[in-house]
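Let me begin by presenting the structure, written as structure tokens, before commenting on it.
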Amino acid sequence: MLIHPWDAAADEAEWRAWLAGRDFGQLAVNGLDGEPPFVQPVHFAYDPAPGARGEALLHLARPNPLWAALEASPRVTLSIVDDYAFVPGPWHALPDQPTEHGTPTSYYAAVQLLAVAHVLDDPQEKAELLRRQLGHFQPDGGTAPVLPGEAPFGRMLPGIRGVRLEVTDVRAKFKFGGNKPEEVQHRVTGLLAERAAPRDAGARAQQLRRLGAGGRPAGA
326 MLIHPWDAAA
336 DEAEWRAWLA
346 GRDFGQLAVN
356 GLDGEPPFVQ
366 PVHFAYDPAP
376 GARGEALLHL
386 ARPNPLWAAL
396 EASPRVTLSI
406 VDDYAFVPGP
416 WHALPDQPTE
426 HGTPTSYYAA
436 VQLLAVAHVL
446 DDPQEKAELL
456 RRQLGHFQPD
466 GGTAPVLPGE
476 APFGRMLPGI
486 RGVRLEVTDV
496 RAKFKFGGNK
506 PEEVQHRVTG
516 LLAERAAPRD
526 AGARAQQLRR
536 LGAGGRPAGA
């Protein structure tokens, strides 16, 4: 992922705060013997505490075809993208340009967690992983405890495998026109509000947040 200086996270706190509100992404695993990579959409629970970069917890069905590839090459990437919007060319024209000279572009935020995957098959470890995931996704409870060998979920545990992603590095990008003059950026925030397409509010909020925090200087 190309990250220009004006798109980079200001600091670690910025990407951590953005990631804290997101828990669905795509797990990319190297293919076997020259085959294309596996890309698995998946819910995950990110825990920022363990290690320097934290860990992400997920589980997949045992028949999933990616297991052999994951065990052969456990270095993976979990990619999370949100707050994206298409920005028409005229919106991005510089103040001294004709509007038709503006360049269309995409706005988005993206965090990529580079990690080492640890596959969990022990029933107790899988049950603990599921309890941690449920604690994230269902903090109010309402689901019976996951206990190996006990109803209702004990008999289902053999049908899944857990994955603990030990995060080793993070790539973060916030592409919201940070290389444009503030006049242009504010023009775009207003036009996003007017258009009000399904994902425009998220992109607008990120752009305003970056502007409020000082953003990135044009051409930095």
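Counting along the sequence shown from 1, when you hit position 68 you're at 393 in the numbering used here, and nothing is skipped either side.
Every residue gets a Cβ at the ideal spot worked out from N, C-alpha and C, and that includes glycine.
CA-to-CA distance, residue j to residue i, given in whole angstroms
{"i": "Val367", "j": "His426", "result": "40 Å"}
{"i": "Asp447", "j": "Leu455", "result": "12 Å"}
{"i": "Arg520", "j": "Ala345", "result": "28 Å"}
{"i": "Arg387", "j": "Gly460", "result": "23 Å"}
{"i": "Gly467", "j": "Gln458", "result": "14 Å"}
{"i": "His329", "j": "Tyr432", "result": "13 Å"}
{"i": "Ala333", "j": "Trp343", "result": "13 Å"}
{"i": "Ala469", "j": "Asn389", "result": "26 Å"}
{"i": "Ala335", "j": "Pro423", "result": "32 Å"}
{"i": "Gly527", "j": "Arg378", "result": "25 Å"}
Cut-off 6 Å between Cβ atoms - residues of its own chain near residue i, not counting five sequence neighbours on either side
{"i": "Leu383", "result": "Val367, Phe369, Val488"}
{"i": "Trp416", "result": "Val513, Leu516"}
{"i": "Phe478", "result": "Val471"}
{"i": "Gln351", "result": "Val364, Pro366, Ser404"}
{"i": "Lys451", "result": "Leu445, Leu482, Gly487"}
{"i": "Thr428", "result": "Gly414, His417"}
Own chain partners of residue i with C-beta closer than 7 Å, once the 5 adjacent residues on each side are dropped
{"i": "Pro362", "result": "Ala353, Val354, Asn355, Gly356"}
{"i": "Gln531", "result": "Asp408, Ala434, Phe499, Phe501"}
{"i": "Pro375", "result": "none"}
{"i": "Gly540", "result": "Caution applies to Gly540, whose pLDDT of 48 falls short of 50 and renders its modelled position unreliable; the value that the coordinates give is listed next. Gly503."}
{"i": "Glu396", "result": "Val444"}
Whole-angstrom C-beta distance between residue j and residue i, which should lie under 8 Å
{"i": "Leu445", "j": "Val509", "result": "At roughly 49 Å, the Cβ-Cβ gap does not stay under 8 Å, so Leu445 and Val509 are not in contact."}
{"i": "Leu391", "j": "Arg486", "result": "At roughly 10 Å, the Cβ-Cβ gap does not stay under 8 Å, so Leu391 and Arg486 are not in contact."}
Pair within 8 Å by beta-carbon distance, residue i and residue j
{"i": "Arg529", "j": "Thr514", "result": "yes"}
{"i": "Arg524", "j": "Tyr371", "result": "no"}
{"i": "Trp340", "j": "Ala522", "result": "no"}
{"i": "Glu491", "j": "Glu380", "result": "yes"}
{"i": "Val412", "j": "Thr430", "result": "yes"}
CA nearest to the CA of residue i, picked from the options
{"i": "Gly537", "options": "Gly503, Ala518, Arg520, Asp525", "result": "Gly503"}
{"i": "Gln437", "options": "Phe499, Leu517, Lys505", "result": "Phe499"}
{"i": "Val364", "options": "Lys505, Arg486, Gly467, Thr402", "result": "Thr402"}
{"i": "Glu475", "options": "Ala386, Gln449, Arg496, Pro464", "result": "Gln449"}
{"i": "His443", "options": "Phe478, Met481, Gly467, Pro399", "result": "Pro399"}
{"i": "Asp394", "options": "Gly414, Gln351, Glu360", "result": "Checking the displayed sequence, the identity of residue 394 turns out to be Ala instead of Asp. Residue Glu360 is the option with its Cα nearest to Ala394."}
{"i": "Ser404", "options": "Pro464, Asp336, Ala440, Ala526", "result": "Ala440"}
{"i": "Pro373", "options": "Pro330, Ala518, Asp494", "result": "Asp494"}
Contacts around residue i, its chain only, beta-carbon distance under 8 Å, and the 5 residues preceding and following it disregarded
{"i": "Phe462", "result": "Asp348, His368, Ala370"}
Residue-chain proximity (residue i, chain D), Cβ-Cβ < 8 Å
{"i": "Arg341", "result": "Among the chains in the structure shown there is no chain D, since it carries only a single protein chain."}
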